[in-house]
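A.B. asks: Taking numbering that gives the first Met the number 0, the leading residue of the first sequence gets 0, the next gets one more, and so forth. Backbone N, C-alpha and C define an ideal beta-carbon position, used for all residues, glycine too. Fair warning: this is a prediction, and the values are worked out from it, not measured in the lab. Below are the structure tokens for one structure; questions will follow.
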Amino acid sequence: MSWSVLKALRENPDVLRENLRKRFMPAELVDKALELDKKWREVVTELNQVREKRNKINRMIPRVSKEEREKLIKESKELARLEEELNRKARELSEERDRVLSSLPALLHESVPIGPDETYNKPIRFWGKPRVPKSKLESFLKETDGFKVEYELIDWEPRGHADQLEQVLKLGDTLRAAEISGRRFFYLYKDIVWLEQALIMLALDHLTKKGFVPVIPPYMMREKYYLGVVDLETFKDSIYKVEDEDLYLIATSEHPLIAMHAGDTFVEEELPRLYVGVSPCFRKEAGTHGKDTKGIFRVHQFTKVEQIVFSLPEESWKWHEELIKNAEEIYQMLEIPYRVVNIASGDLGAVAAKKYDLEAWFPAQGRYRELVSCSNCLDWQSYRLRIKVDRKGRREFVHTLNSTALATTRTITAILENFQREDGSVEIPKALRKYLEPFEAAPKDVIVPIKEKYVKT
RNA sequence: GCCGGGGUGCCCUAGCCAGGAAGGGGGCUGGCCUGGAGAGCCAGUGGCCCACACGGGCCGCGUGGGUUCAAAUCCCACCCCCGGCGCCA
Numbered sequence: 000m001s002w003s004v005l006k007a008l009r010e011n012p013d014v015l016r017e018n019l020r021k022r023f024m025p026a027e028l029v030d031k032a033l034e035l036d037k038k039w040r041e042v043v044t045e046l047n048q049v050r051e052k053r054n055k056i057n058r059m060i061p062r063v064s065k066e067e068r069e070k071l072i073k074e075s076k077e078l079a080r081l082e083e084e085l086n087r088k089a090r091e092l093s094e095e096r097d098r099v100l101s102s103l104p105a106l107l108h109e110s111v112p113i114g115p116d117e118t119y120n121k122p123i124r125f126w127g128k129p130r131v132p133k134s135k136l137e138s139f140l141k142e143t144d145g146f147k148v149e150y151e152l153i154d155w156e157p158r159g160h161a162d163q164l165e166q167v168l169k170l171g172d173t174l175r176a177a178e179i180s181g182r183r184f185f186y187l188y189k190d191i192v193w194l195e196q197a198l199i200m201l202a203l204d205h206l207t208k209k210g211f212v213p214v215i216p217p218y219m220m221r222e223k224y225y226l227g228v229v230d231l232e233t234f235k236d237s238i239y240k241v242e243d244e245d246l247y248l249i250a251t252s253e254h255p256l257i258a259m260h261a262g263d264t265f266v267e268e269e270l271p272r273l274y275v276g277v278s279p280c281f282r283k284e285a286g287t288h289g290k291d292t293k294g295i296f297r298v299h300q301f302t303k304v305e306q307i308v309f310s311l312p313e314e315s316w317k318w319h320e321e322l323i324k325n326a327e328e329i330y331q332m333l334e335i336p337y338r339v340v341n342i343a344s345g346d347l348g349a350v351a352a353k354k355y356d357l358e359a360w361f362p363a364q365g366r367y368r369e370l371v372s373c374s375n376c377l378d379w380q381s382y383r384l385r386i387k388v389d390r391k392g393r394r395e396f397v398h399t400l401n402s403t404a405l406a407t408t409r410t411i412t413a414i415l416e417n418f419q420r421e422d423g424s425v426e427i428p429k430a431l432r433k434y435l436e437p438f439e440a441a442p443k444d445v446i447v448p449i450k451e452k453y454v455k456t
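Laid out in structure tokens, this is it:
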């Protein structure tokens, strides 16, 4: 049993080189890893031989005469020095090798579009009938190029979600939040709070009906486990650390949910394991200065319902399709027009072998924007966390998959734009009403502007 | 946070005081036996390296150090679990 990437390195390095080329990463990494691996194996072989010799001597010591004993102890001590030196060398080499190895990305699926950046992402299907303001028609036609997407042309301009939330409805405040906590934080009030709760319930309801087990995970985790689920770049750019503690705030419940099975060996019948995680997500959003600066589209903290699957290796591609389908069903229930995009190789993280994004139509922006990410990580995470399946004595690493079911803030922004009426009110998607019905204070059909803001900004 | 007990392979457990090649049971896999099944018996059931293979070796008893020719066993630090005390929403 070995990691598919390590196996490829030793048996078929050209496959790995090709993989790196397709991801626009330096292919020399392969040669470096190969060389380190080769050297390490040489040193380990030699080290094992020295140890064998010394072990044999040590086992003889209690069974020989006193004079003989002195001689053997001396010999053993000499070998110990040699062993220590080889051991140090082997350790250095393996650490260096593992550093290179852990920077190697998952093997791409053949259907991943090849290209250096997101402009090569490939839309694969569209759903819904978007409302398109006249001013955004050209942009819409470009975004749907090659597909026949029915749309409704409207002759008024919906407000962007940020203005709609803060200026018109007055149900959110990012200015005061910026003062209290910093940019990319928010206060949300009243109907939006109910809306968020209803969205969580809708997603939970939908997935638990399909057998996903709901989980609330720890919101912080140790570095050791974090490095089992994300690559170093992601770690540096998106994860908050707790001062003076070996703890990091989770960027998604995917991370503690995958780590939940660290070190476990499943029996075949226990797979697949399906989970739906609910948690706040904390992200530094480093390197996104200037992007989506208004409103709550890109924020440091939001709530997300997440699908997680631990699957048999041969079933992971089936589950990948299943997860994106589940997410699509949720947005169909919410009646939010969307498209599914196959993410290009250069835009794909090291952990994923293939990724679908579900992008919702935003009428005021005239663009499709990401709401959902759905990835198959193959054995990238399970190798690091030693999550295995015992198949009648033979062991393999399981495959792990993750997909957003619903991220609350982004879905709220999509509702604010797609369900906005010309008079400034926002209709509530019908599928949410049953989750609002039991509560007296909750809105039922429509969200209307309130008279006063809660803070004097 | 303090005091005490503990962590052994997929699961349970012996070994620790008194250092010298990890033993038993269960489960699972394969084989023998059987008309068939069961029982019984035999073997296998952590990771790594060398080897086409047959095999051989190394590491591994929560993690990392130390003592020693030799550590599951002795010493130190840390993590986790159980019990008690303390603190607390």
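Quick one: using the 10 Å Cβ neighbour count with 16 as the cut-off for buried, is Leu347 buried or exposed?
C.D. replies: Reading the first sequence from its first residue, position 348 is the one you call residue 347. So Leu347 ends up on the buried side.
A.B. asks: Distance, Cα to Cα, Gln300 vs Pro279?
C.D. replies: Against the first sequence, residue 300 aligns to sequence position 301. Against the first sequence, residue 279 aligns to sequence position 280. Straight-line measurement puts the Cα of Pro279 at about 7 Å from the Cα of Gln300.
A.B. asks: Look up Pro122 in the DSSP assignment and say whether it is helix, strand or coil.
C.D. replies: Within the first sequence, numbered from 1, the residue matching residue 122 stands at position 123. Here Pro122 carries a strand assignment [DSSP, helix/strand/coil].
A.B. asks: Could you pull out every unbroken beta strand (DSSP E) segment of at least 3 residues lying fully inside the segment 75-128, listed in chain order?
C.D. replies: 121-126
A.B. asks: Per DSSP, Tyr274 forms a beta bridge with which residues?
C.D. replies: For this step, residue 274 is matched to residue 275 along the first sequence. Val212, Ile307.
A.B. asks: Which stretch, first to last residue, makes up the alpha helix (DSSP H) that contains Ile342?
C.D. replies: Indexing the first sequence from 1 puts residue 342 at position 343. Per DSSP, Ile342 belongs to no alpha helix (DSSP H) and is neither H nor E.
A.B. asks: Taking the alpha-carbon positions, what's the Ala202 to Ile249 distance?
C.D. replies: Position 203 of the first sequence, counting from 1, holds the residue named residue 202. Position 250 of the first sequence, counting from 1, holds the residue named residue 249. The straight-line gap from Cα to Cα measures roughly 20 Å.
A.B. asks: Following a CB-centred definition, is Gly423 positioned closer than 7 Å to any heavy atom of the ligand ATP?
C.D. replies: No copy of the ligand ATP appears in this structure; indeed no ligand is present at all.
A.B. asks: Glu253 and Gly276 look like a contact to me (Cβ under 8 Å); what is the Cβ gap, rounded to whole Å?
C.D. replies: Counting from one through the first sequence, the residue named residue 253 turns up at place 254. Counting from one through the first sequence, the residue named residue 276 turns up at place 277. Confirmed, Cβ separation roughly 7 Å.
A.B. asks: Rounding to the nearest angstrom, what Cα-Cα distance links Leu333 and Leu270 in this structure?
C.D. replies: Along the first sequence, one-based indexing puts residue 333 at 334. Along the first sequence, one-based indexing puts residue 270 at 271. About 31 Å.
A.B. asks: To which residues does DSSP link Ile153 through a beta bridge?
C.D. replies: Within the first sequence, the letter at position 154 stands for residue 153. According to DSSP, residue pairing for Ile153 in a beta bridge involves Pro132.
A.B. asks: DSSP three-state call for Val29: helix, strand or coil?
C.D. replies: Working through the first sequence from its first residue, we reach residue 29 at position 30. Reduced to three states, the DSSP call for Val29 is helix.
A.B. asks: Could you please give the first and the last residue of the uninterrupted beta strand (DSSP E) stretch that includes Ser372?
C.D. replies: Position 373 of the first sequence, counted from the start, is the residue given in the question as residue 372. Looking at the DSSP string, the run of the beta strand (DSSP E) that includes Ser372 is 366-375.
A.B. asks: Rounded to whole angstroms, what's the CA-CA distance from Ile49 to Glu83? Just pull it up for me.
C.D. replies: Here the question's residue 49 lines up with position 50 in the first sequence. Here the question's residue 83 lines up with position 84 in the first sequence. Note on identity: in this sequence residue 49 is Val, with Ile being the wrong assignment. Taking the straight line joining both Cα atoms gives about 10 Å.
A.B. asks: Output the distance between the C-alpha atoms of Tyr119 and Thr292, rounded to the nearest integer angstrom.
C.D. replies: On the first sequence, residue 119 is found 120 positions in, with the first residue counted as 1. On the first sequence, residue 292 is found 293 positions in, with the first residue counted as 1. Put simply, the backbone Cα of Tyr119 is about 25 Å away from that of Thr292.
A.B. asks: My parser needs the beta strand (DSSP E) runs of 3 or more residues fully inside the segment 279-328; what are they?
C.D. replies: 300-310
A.B. asks: Can you round the beta-carbon distance between Ile123 and Asn401 to whole angstroms, since I take them to be within the 8 Å contact cut?
C.D. replies: Within the first sequence, residue 123 is the residue found at index 124, counting from 1. Within the first sequence, residue 401 is the residue found at index 402, counting from 1. At roughly 19 Å, the Cβ-Cβ gap does not stay under 8 Å, so Ile123 and Asn401 are not in contact.
A.B. asks: Pull up the distance between the alpha-carbon of Ala343 and that of Pro437, whole angstroms please.
C.D. replies: The count along the first sequence starts at 1 and reaches residue 343 at position 344. The count along the first sequence starts at 1 and reaches residue 437 at position 438. Going by the C-alpha atoms only, they are around 44 Å apart.
A.B. asks: Going by other Cβ atoms of all chains shown within 10 Å of its Cβ, with 16 needed for buried, is Trp193 buried or exposed?
C.D. replies: Position 194 of the first sequence holds residue 193. Buried, because 16 or more other Cβ atoms sit within 10 Å of the Cβ of Trp193.
A.B. asks: By the three-class DSSP mapping on this structure, what secondary structure does His260 have?
C.D. replies: Translated into the one-based positions of the first sequence, residue 260 becomes position 261. Coil at His260, not helix or strand.
A.B. asks: Express the C-alpha separation of Ile238 and Val425 in angstroms, rounding to a whole number.
C.D. replies: As a working mapping, residue 425 is identified with position 426 in the first sequence. As a working mapping, residue 238 is identified with position 239 in the first sequence. A direct Cα-Cα distance of roughly 34 Å separates Val425 from Ile238.
A.B. asks: I need the straight-line Cα distance from His108 to Lys353, nearest angstrom please.
C.D. replies: Translated into positions along the first sequence, residue 108 becomes position 109. Translated into positions along the first sequence, residue 353 becomes position 354. C-alpha separation (whole angstroms): 6 Å.
A.B. asks: What is the rounded straight-line gap between the Cα of Ala26 and the Cα of Val229?
C.D. replies: The residue you call residue 26 lines up with position 27 of the first sequence. The residue you call residue 229 lines up with position 230 of the first sequence. Rounded to whole angstroms, Ala26 to Val229 spans 21 Å at the Cα level.
A.B. asks: When the Cα of Leu357 is compared with those of Ala406, Val388, Thr207, Ser381, which residue comes out closest?
C.D. replies: Taking the first residue of the first sequence as position 1, residue 357 is located at position 358. Looking at the Cα atoms, Ala406 is the closest of the given residues.
A.B. asks: Do the segment 361-374 and the segment 155-170 meet, that is, are 3 or more Cβ pairs less than 8 Å apart?
C.D. replies: yes
A.B. asks: With H, G and I counted as helix, E and B as strand and the rest as coil, what does DSSP make of Met24?
C.D. replies: In the first sequence, the residue the question calls residue 24 occupies position 25. Met24 falls in the coil class under three-state DSSP.
A.B. asks: Would you call the CB atoms of Ala349 and Pro12 closer than 8 Å?
C.D. replies: Start at 1 with the first residue of the first sequence, and residue 349 comes out as number 350. Start at 1 with the first residue of the first sequence, and residue 12 comes out as number 13. No, these two residues do not count as a Cβ contact at 8 Å.
A.B. asks: Count the C-beta pairs between the segment 377-391 and the segment 409-423 that are closer than 8 Å, then say yes if the count reaches three, no if not.
C.D. replies: Contact between the segment 377-391 and the segment 409-423 is absent, with fewer than three C-beta pairs closer than 8 Å.
A.B. asks: Below 8 Å between beta carbons: does that hold for Arg297 and Glu284?
C.D. replies: What you label residue 297 is simply residue 298 of the first sequence in a count that begins at 1. What you label residue 284 is simply residue 285 of the first sequence in a count that begins at 1. Yes, these two residues count as a Cβ contact at 8 Å.
A.B. asks: Among the candidates Lys38, Trp126, Lys169, Gly262, whose CA atom is the shortest distance from the CA of Arg385?
C.D. replies: Translated into the one-based positions of the first sequence, residue 385 becomes position 386. It is Gly262 whose Cα lies nearest to the Cα of Arg385.
A.B. asks: By the 10 Å Cβ neighbour count, where 16 or more other Cβ atoms means buried, how is Phe185 classified, buried or exposed?
C.D. replies: Start at 1 with the first residue of the first sequence, and residue 185 comes out as number 186. Under this definition Phe185 is a buried residue.
A.B. asks: Just verifying my parser: in three-state terms, what is the DSSP assignment at Asn18?
C.D. replies: If you number the first sequence from 1, residue 18 lands on position 19. If DSSP states are grouped into helix, strand and coil, Asn18 belongs with the helices.
A.B. asks: Distance check for Val339 and Glu320, CA to CA, integer angstroms please.
C.D. replies: The residue you call residue 320 lines up with position 321 of the first sequence. The residue you call residue 339 lines up with position 340 of the first sequence. Their backbone Cα atoms lie some 11 Å apart in a straight line.
A.B. asks: Give the list of continuous alpha helix (DSSP H) stretches no shorter than 4 residues that lie fully inside the segment 212-245.
C.D. replies: 222-228, 231-237
A.B. asks: Looking only at its chain, what residues have a beta carbon closer than 7 Å to the beta carbon of Ala351, apart from the 5 residues adjacent to it on each side?
C.D. replies: For this step, residue 351 is matched to residue 352 along the first sequence. Ala105, Ser374, Asn375, Cys376.
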